[in-house]
Ligand SMILES: [Zn+2]
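This is the structure in structure tokens:
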């Protein structure tokens, strides 16, 4: 199993919603609100949460 970082930036760590199209984050977006569950994210923290979750899933 390989831990992939694919989509970790665009995925809500709370509900799993993936941002697409015009909702996608750019490097300028360091804070965002999930359009699905409404939770507020700090981008880097959300990425860390997603990578951690993927890592744990491979154990
Ligand atoms: Zn969400």
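Numbering (my numbering), first residue to last: 112 to 170. We put the beta carbon where it would ideally sit given N, CA and C, even for glycine. Nothing here was measured: the structure is a model prediction, and the numbers come from that model.
Taking non-hydrogen atoms of ligand 1 into account, the C-beta of residue 156 is found less than 7 Å away from none of them. By the criterion of a C-beta distance shorter than 8 Å, residue 159 is surrounded by no residue of its chain, once the five residues flanking it on both sides are discounted.
A Cβ-Cβ separation of about 5 Å places residue 122 in contact with residue 161 under the 8 Å criterion. Shown here, residue 152 sits in a strand according to DSSP, grouped into three states. If you draw a 10 Å sphere on the C-beta of residue 148, you find fewer than 16 other C-beta atoms in it, and that means exposed.
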